[in-house]
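For reference, the structure is listed below as structure tokens.
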Amino acid sequence: MSALVHAVDALRVPLPLAQGVTENNPIIRWSYLTEQSDRIIQALVQHVQLTVGAVSIGLALSMVLAGIGLRYRWTMGPITGTTAVLYTIPSVAFFGVLVPYTGSSATTALIPLVCFTLLILVTNIVDGFRAVPRPVKEAAEGMGLSPTSRVLTVELPIATPYIINGLRIATVTTVGLVTVAAIIGYGGLGRLILDGLRRGFWTPLTIGAALSILLAIVLDLAFFLLGRALTPWSRSVRTGRSGDHGEAGDDADAGSDPAGAARPVTAGA
Amino acid sequence: MSDESPPALRLKGVRKRFPGANQDAVQALDLAIPRGAIVSLIGPSGCGKTTTLRMINRLIEPTGGRIELEGTDVTDVDATELRRGIGYVIQQVGLFPHRTIGANIGTVPRALGWDKRRIAERTDELVDLVGLERDMLPRYPDQLSGGQQQRVGVARALAADPPVLLMDEPFGAVDPIVRGRLQDELLALQERVHKTIVLVTHDLDEALKLSDRIALLNVGGVLEQFASPDELLRAPASSFVERFIGGGRSMRRLGLTTLAAVTPHRGSVVSVDATPQQARAAMDEFRTDWVGLTDDDDRFLGWVARASVADGVALDTLERHEPAATVTPDDTLATALETIMNSRTLVAVVREGERFLGVVTLEQIHAELGALRDAGDAAA
């Protein structure tokens, strides 16, 4: 509890930073990077660990929750309702409230972080599985694919772009939220930021914020590339026929003649 | 589809009531599907045709009765195993968008654990069979037109060489021109693969064109008639069948019968070496003002007018008019009728390749229709 009180106190004191950037307190003092490199790297590593940990656990939990919701329809309302309520809890309060129970530990940092990913991930996973066209499901079943292989080899791949999108949003959000966990001493780069705030010292604040943003961008890009690698079909050249499954199609050279295939066969559009 | 061999598929008192429904979707349906035949299930909406089809591969579990596939009750087999042995084609195709065309076609063989080489060989074979190009194999379904996708759907259904193929409105989602072509292709394909095909359609003309037998169902899965297309048109078993078929029965029958069934007669046609007297005799016999000429190889040379035929003038020196109206024995009576209507001589020349087989006239078609009608009256 003391860490929390301390942190909140730190936020309450009038901030020397109000004086703005001065010659003695520049936006960044480059020597800090070399002098404090261990600390910076440690903060960055912790930040990555917390983010990856929270999103991984969140994804696993969300898969289970989405699976339950898709299987037993009546549970979908309560599941999204609960995850939505969790999502609305102010992050500072959430971290603080856990300290009496789980102490100032990684667990205390992870629980809220995981909870905040659930709404985003569950809804995206559910959307993804619901986006599997009915005829595709029917064909898979009618051809004699087992329920397991239908889910793993047909539905999951088709849901993948949605799941990746959810992961991107959840990850970027989590990178930001991890900094808040600094108030309980587990904030990764957030600790640099908090340190800067407390001491009225721009440099760690700048470095913490900049690396946090950079980390978010890098992870987002990584997921984007992963998504592309996992869904080669969505990159294939479209020929005017999107996923509308067999609206009257022209038969002539649809594959090689985009203009011809895009020609509307029926009126409209 | 000889009658003595046991049916590939037999439905015995099959019944389906959906949970919460207060009447049966299908009640006590008996049907024997002969091996190697194309059988259509047709009827108004609510007649349970799709339900019946889906009970065969147990996408819908029957409430009662038995469905036997090659003598085995389908409910005795694991549903997944059963389905791998039955080809399934649906209207919206349902190709896997994330798989290449090749992988789509190889779905069932892969599930059956075939090795890669065998799957690849089979895939190539099927692509040829359904008339697609092999360079389509690495593409994704979205890159294909509706007609091409439907061909892939058929190839995928045939992949593991199942004896039975179920098709649920397979050509319902493509435009009429492509539909006609796909229907022709299915018939040509069937000539080669001899599958037992059960096809659900709401299109009577499609059923008439494709089927060996048609099962016409009424609401609640009541079988009104199970007969060949010709018999259905000739002798509707009930007023319901008659109403369902509607008008144009005679015209539809003309579309079912090919000229091969009609014996073309030689008509007012003589050899080019015949005498003018013989030519006039032919014209008199058939009461025409034209006479056709054939050469020694039985090739049709053209028409000459009665007015130009004169004693002492060899027939082959006369001015000839090429026949505009030519049909083959594979054409239907409907086509012949259309051709005759558009010809000045009011006859169509029947040719097989270069060979002259005879002529067909309005009277002959009328007589044929009369025979159809008489047979219908006799049966009724």
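Chains as they are written, first to last, in my numbering: chain X, 206 to 474; chain Y, 18 to 397.
All residues carry an ideal CB built from backbone N, CA and C; glycine is no exception.
What's the gap between the Cα of residue i and the Cα of residue j?
| i | j | result |
| --- | --- | --- |
| E346 (chain X) | G88 (chain Y) | 24 Å |
| E380 (chain Y) | R260 (chain Y) | 29 Å |
| G451 (chain X) | G197 (chain Y) | At G451 (chain X), the pLDDT of 39 sits below 50, so the modelled position is not reliable and the matter cannot be decided from this model. |
| L149 (chain Y) | E202 (chain Y) | 12 Å |
| S351 (chain X) | L275 (chain X) | 18 Å |
| Y306 (chain X) | T312 (chain X) | 10 Å |
| L112 (chain Y) | Q165 (chain Y) | 11 Å |
| V239 (chain Y) | M348 (chain X) | 28 Å |
| L410 (chain X) | I294 (chain X) | 26 Å |
| G37 (chain Y) | D222 (chain Y) | 35 Å |
| D312 (chain Y) | G387 (chain Y) | 34 Å |
| V377 (chain Y) | V364 (chain Y) | 6 Å |
| L26 (chain Y) | I382 (chain Y) | 38 Å |
| V260 (chain X) | T97 (chain Y) | 36 Å |
| W235 (chain X) | L397 (chain X) | 15 Å |
| F35 (chain Y) | P366 (chain X) | 36 Å |
| L270 (chain X) | G163 (chain Y) | 37 Å |
| I158 (chain Y) | L143 (chain Y) | Inspection of the sequence shows that residue 158 (chain Y) is occupied by Pro rather than by Ile. Distance between the alpha carbons of P158 (chain Y) and L143 (chain Y) is about 16 Å. |
| S310 (chain X) | T256 (chain X) | 15 Å |
| P346 (chain Y) | I59 (chain Y) | 30 Å |
| E248 (chain Y) | G263 (chain Y) | 15 Å |
| A336 (chain X) | V181 (chain Y) | 31 Å |
| L318 (chain X) | S242 (chain X) | 26 Å |
| R270 (chain Y) | V110 (chain Y) | 31 Å |
| R266 (chain Y) | L250 (chain Y) | 6 Å |
Anything in chain X within Cβ reach of residue i, meaning under 8 Å, just list it in chain order.
| i | result |
| --- | --- |
| T97 (chain Y) | G349, L350, S351 |
| I50 (chain Y) | The contacting residues do not exist; I50 (chain Y) stays about 18 Å from chain X at best. |
| V125 (chain Y) | M348, G349 |
Identify, in the order they occur along the chain, each residue of the same chain with its Cβ nearer than 7 Å to the Cβ of residue i, setting aside the five sequence neighbours on each side.
| i | result |
| --- | --- |
| Q108 (chain Y) | D185, E186, P187, G189, A190 |
| S325 (chain Y) | L335, E336 |
| N74 (chain Y) | L99, R100, I103, Y105, L183 |
| S22 (chain Y) | R52 |
| Q295 (chain Y) | V287 |
| I368 (chain X) | N329, I330, G333 |
| G258 (chain X) | L315 |
| P24 (chain Y) | A49, I50, P51, R52 |
| K226 (chain Y) | Q200 |
Just the chain Y side, please: which residues come within less than 8 Å of residue i by C-beta, in chain order?
| i | result |
| --- | --- |
| W279 (chain X) | Within chain Y, no residue comes near W279 (chain X); the closest Cβ sits about 17 Å away, beyond 8 Å. |
| V341 (chain X) | G111, L112, F113, P114 |
| W235 (chain X) | Chain Y residues near W235 (chain X): none, gap ~49 Å exceeds 8 Å. |
Whose Cβ in chain X lies nearer than 7 Å to the Cβ of residue i?
| i | result |
| --- | --- |
| Q207 (chain Y) | In chain order: nothing, as chain X lies at least about 20 Å away. |
| R100 (chain Y) | G347, M348, G349 |
| E74 (chain Y) | It is Asn, not Glu, that sits at residue 74 (chain Y) in the sequence shown. Under the 7 Å cutoff, chain X gives G347. |
So, using beta-carbon positions, are residue i and residue j closer together than 8 Å?
| i | j | result |
| --- | --- | --- |
| I4 (chain Y) | K33 (chain Y) | Any property of residue 4 (chain Y) remains undetermined from this structure, which presents chain Y solely from 18 to 397. |
| I118 (chain Y) | R127 (chain Y) | no |
| S228 (chain Y) | I55 (chain Y) | yes |
| G319 (chain Y) | V286 (chain Y) | no |
| I273 (chain X) | I262 (chain X) | no |
| V383 (chain X) | G392 (chain X) | yes |
| T356 (chain Y) | V367 (chain Y) | no |
| V195 (chain Y) | A172 (chain Y) | no |
| G375 (chain Y) | P281 (chain Y) | yes |
| Q40 (chain Y) | G170 (chain Y) | no |
| L416 (chain X) | L394 (chain X) | yes |
| F373 (chain Y) | F317 (chain Y) | yes |
| I418 (chain X) | T378 (chain X) | no |
| F299 (chain X) | R373 (chain X) | no |
| G405 (chain X) | L222 (chain X) | yes |
Residues in its own chain within less than 6 Å of residue i by CB, not counting five upstream and five downstream?
| i | result |
| --- | --- |
| T292 (chain Y) | none |
| R355 (chain X) | A345 |
| I233 (chain X) | T408, T411 |
| S57 (chain Y) | L216, T218, A224, S228, I231 |
| D90 (chain Y) | R83 |
Are there any heavy atoms of the ligand GDP lying less than 7 Å away from the beta-carbon of residue i, as far as the coordinates show?
| i | result |
| --- | --- |
| S417 (chain X) | Of ligands this structure carries none, so the ligand GDP is not represented either. |
List, in order along the chain, the chain Y residues whose C-beta lies closer than 7 Å to that of residue i?
| i | result |
| --- | --- |
| V359 (chain X) | F113 |
| I363 (chain X) | P114, H115 |
| W407 (chain X) | None at all; the shortest Cβ gap to chain Y is about 50 Å. |
Suppose the cutoff is 8 Å on Cβ atoms and the five residues either side in sequence are ignored; what does the same chain contact list for residue i look like?
| i | result |
| --- | --- |
| A472 (chain X) | Because the pLDDT at A472 (chain X) is just 36, under 50, the model does not fix this residue reliably, and the point stays unresolved. |
| S447 (chain X) | Reliability of the predicted coordinates at S447 (chain X) is poor, the pLDDT of 41 falling under 50, and no value is obtained from them. |
| G30 (chain Y) | A45, L46, D47, G81, G82, R83 |
| S255 (chain Y) | E241, Q242 |
Quick one: which chain X residues come within Cβ less than 9 Å of residue i?
| i | result |
| --- | --- |
| A128 (chain Y) | M348, G349, L350, S351, S354 |
| D107 (chain Y) | Reading off the sequence shown, one finds Ile at residue 107 (chain Y), where the question assumed Asp. P340, E343, A344, G347, listed in chain order. |
Practice task
Taking 8 Å as the threshold, find out whether the segment 79-87 of chain Y comes into contact with the segment 56-67 of chain Y through three or more Cβ pairs.
Solution key: With contact defined as three or more Cβ pairs closer than 8 Å, the segment 79-87 of chain Y and the segment 56-67 of chain Y are not in contact.
Exercise for the section: Decide yes or no for the touch test of the segment 332-343 of chain X against the segment 284-296 of chain X: beta carbon pairs closer than 8 Å, at least 3 of them. Expected result: Too few Cβ pairs lie closer than 8 Å, so no.
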